[in-house]
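In our numbering, the protein residues as written are 416 to 979. Even for Gly, the Cβ is constructed at its ideal location relative to N, Cα and C.
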């Protein structure tokens with residue numbers, strides 16, 4: 416039988432067609448030691464059949480009447496009765512903030528639109544949380560505090576009115592869109608690159624930690640920047656037994672869904688939607704939560720899609736609540752900075768996270784794990800399998816401990832400097848990434864296949880990548896890492912120079928790597944490399960086998976049992 420030309424393979428079927436010659440590779444065995452058959456359990460919700468329609472409390476679906484009191488009165492009455500279902504029937508219902516209460520299922524019927532007011536006066540300033548820090552914020556449109564057995568279900572749409580709150584970067588709009596935005600009012604920055612909805616928004620944006628809670632800040636100060644303190648669409652703080660099912664959540668002022676320090680959360684068959692230019696327009700941010708299931712859901716947003724967090728820096732470490740026992744499956748992410756993301760606010764740690772059978776289309780990065788010095792915290796025991804990706808603008812798989820709080824893909828003309836590499840002492844502020852197990856990844860198009868970058872004082876460690884089929888412009892880039900295993904990979908990187916790059920790596924193992932062709936197979940840089948191995952990998956398709964720079968020595972590199 417004729418040998419199949421890898422260049423003719425369809426990436427969609429390559430993983431099925433490809434039969435790796437080495438099935439007992441070290442990385443493969445290690446990755447298969449975990450199982451998705453014994454996943455964390457999540458306690459579900461249960462509600463009485465008693466029903467209240469918001470029409471009974473005077474609500475009107477004319478798009479003019481503010482129904483805040485009617486909706487909240489119905490929810491409170493049902494909770495006091497012992498719980499049940501509060502129905503939002505078909506129609507457009509204008510409202511201010513809605514507070515969920517224990518044992519109540521807020522159910523949106525078909526053709527219902529719960530529209531949150533764009534009148535900022537409806538949202539009082541409250542003590543909240545923003546990107547891992549305690550902050551003053553405008554009250555979230557949907558919120559709950561220490562409630563138990565709560566749900567939002569049905570078939571309707573919840574719109575947060577976010578376009579009234581957001582500042583917008585000029586480079587993220589077409590010329591026609593930008594002109595239309597200017598005509599709507601607001602203020603433009605001096606350099607004409609950012610539009611602000613109000614002077615208060617612009618004032619707050621120019622301050623460092625504007626919303627930070629501190630004794631010297633008066634209520635008058637916060638009022639002077641109120642418009643800048645955008646709320647997340649939904650915040651569920653310290654709640655238990657939560658169900659979000661069937662509903663569309665869209666147009667959030669900042670993050671869309673934000674469960675915070677909560678337990679037993681199920682998110683099923685929801686659609687989370689934001690404009691791609693929505694700054695901080697994350698899909699769902701699971702922060703310091705325990706026992707979470709996300710399944711059958713779709714995310715198309717302006718920042719990270721599905722994201723794991725646990726607080727920032729000293730505040731997150733003091734809280735000390737990791738996000739743990741999370742299952743994410745059978746979901747799709749369209750536009751987003753990352754399809755599945757951990758960080759960068761992960762100071763309380765993250766562990767026992769399982770993601771499987773998901774598809775990322777057009778995201779900036781596929782699997783994105785990010786942190787930076789100052790965070791501290793430990794991220795470990797992360798498992799991913801059966802992930803499909805298409806048209807990824809940046810890296811298919813990324814680990815980066817130099818996160819710089821900028822968009823992952825530079826805008827046209829944007830210049831970025833590489834971070835300064837220096838060895839610093841290890842302290843409680845030093846983050847740790849370890850024990851990642853990733854297998855069965857197919858990516859049709861990315862800028863770079865894999866990027867792993869640790870810190871000189873704290874290498875990323877124990878990463879097992881098994882069964883990858885990736886078509887990309889650049890290959891595998893590993894820096895300041897140890898115990899990294901890439902096994903059974905097909906890399907379609909035409910003319911790669913190099914296909915594999917290692918900088919100060921220790922115990923880096925490549926096994927059974929198939930590739931189209933390469934100008935250079937391996938480049939090794941730095942004096943701290945040790946124990947680098949390639950085995951069961953052909954060398955004839957590479958014009959140059961290896962190159963050693965910046966103090967790297969050839970003796971750290973070993974080729975074993977190569978094949979044609």
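Reduced DSSP secondary structure (H/G/I, E/B, other) of residue i
i: residue 550; result: strand
i: residue 614; result: helix
i: residue 598; result: helix
i: residue 642; result: helix
i: residue 593; result: helix
i: residue 725; result: coil
i: residue 739; result: strand
i: residue 948; result: strand
i: residue 879; result: strand
i: residue 1042; result: This structure does not reach residue 1042, given that the chain is present from 416 up to 979, and the question cannot be answered.
i: residue 585; result: helix
i: residue 993; result: It is not possible to answer for residue 993, since the shown part of the chain is limited to 416 through 979.
i: residue 679; result: strand
i: residue 636; result: helix
i: residue 471; result: helix
i: residue 911; result: strand
i: residue 966; result: coil
Span of the beta strand (DSSP E), counted from its first residue to its last, around residue i
i: residue 734; result: Per DSSP, residue 734 belongs to no beta strand (DSSP E); it is in the alpha helix (DSSP H), 728-734.
i: residue 817; result: First-last for residue 817: undefined, no H or E at that position.
i: residue 851; result: 847-859
i: residue 699; result: 699-702
i: residue 761; result: That residue, residue 761, is in no beta strand (DSSP E); it is neither H nor E in DSSP.
i: residue 545; result: 540-545
i: residue 714; result: 713-715
i: residue 920; result: 915-930
i: residue 897; result: 889-907
i: residue 374; result: Missing from the structure shown is residue 374; the chain here goes from 416 to 979 and no further.
i: residue 572; result: 572-574
i: residue 519; result: 519-523
Bridge-paired residues (DSSP) for residue i
i: residue 662; result: BP columns for residue 662 are empty, so no partner.
i: residue 873; result: 870
i: residue 466; result: 500
i: residue 803; result: 774 and 857
i: residue 961; result: 937
i: residue 535; result: Answer is none; residue 535 lacks a bridge partner.
i: residue 710; result: 683 and 744
i: residue 840; result: Looking at the DSSP assignment, residue 840 forms no beta bridge with any residue, so it has no partner.
i: residue 558; result: 514 and 650
i: residue 477; result: 507
i: residue 673; result: 650
i: residue 813; result: 783 and 866
i: residue 631; result: None, per the DSSP bridge assignment.
i: residue 603; result: 610
i: residue 755; result: 721 and 782
i: residue 795; result: 766
i: residue 454; result: DSSP, once it has assigned bridges, lists no residue as partnering residue 454.
Continuous alpha helix (DSSP H) stretch holding residue i: start and end
i: residue 493; result: 483-495
CB contact flag (residue i, residue j, <9 Å)
i: residue 785; j: residue 806; result: no
i: residue 887; j: residue 906; result: yes
i: residue 870; j: residue 817; result: yes
i: residue 756; j: residue 776; result: no
i: residue 950; j: residue 967; result: no
i: residue 957; j: residue 933; result: yes
i: residue 497; j: residue 467; result: no
i: residue 663; j: residue 703; result: no
i: residue 736; j: residue 676; result: yes
i: residue 668; j: residue 647; result: yes
i: residue 723; j: residue 758; result: yes
i: residue 880; j: residue 854; result: yes
i: residue 921; j: residue 948; result: no
i: residue 809; j: residue 863; result: yes
i: residue 671; j: residue 699; result: yes
i: residue 851; j: residue 908; result: no
i: residue 857; j: residue 804; result: yes
i: residue 517; j: residue 494; result: yes
Sufficient close CB pairs (3 or more, under 8 Å) joining the region 731-751 to the region 611-624: no
Given 8 Å, three or more beta-carbon pairs between the region 522-532 and the region 606-615: no
The region 585-600 / the region 552-569 touching (three or more Cβ pairs under 8 Å): no
At least three beta-carbon pairs within less than 8 Å, the region 463-479 to the region 770-778: no
contact_flag[the region 835-848, the region 784-798] where n(CB pairs < 8 Å) is 3 or more: Touching, yes, given that three or more Cβ pairs across the two stretches are closer than 8 Å.
Sufficient close CB pairs (3 or more, under 8 Å) joining the region 651-658 to the region 676-692: A contact exists between the region 651-658 and the region 676-692.
contact_flag[the region 619-639, the region 515-527] where n(CB pairs < 8 Å) is 3 or more: no
Three or more C-beta pairs below 8 Å linking the region 565-572 and the region 583-595: no
Sufficient close CB pairs (3 or more, under 8 Å) joining the region 689-701 to the region 714-724: yes
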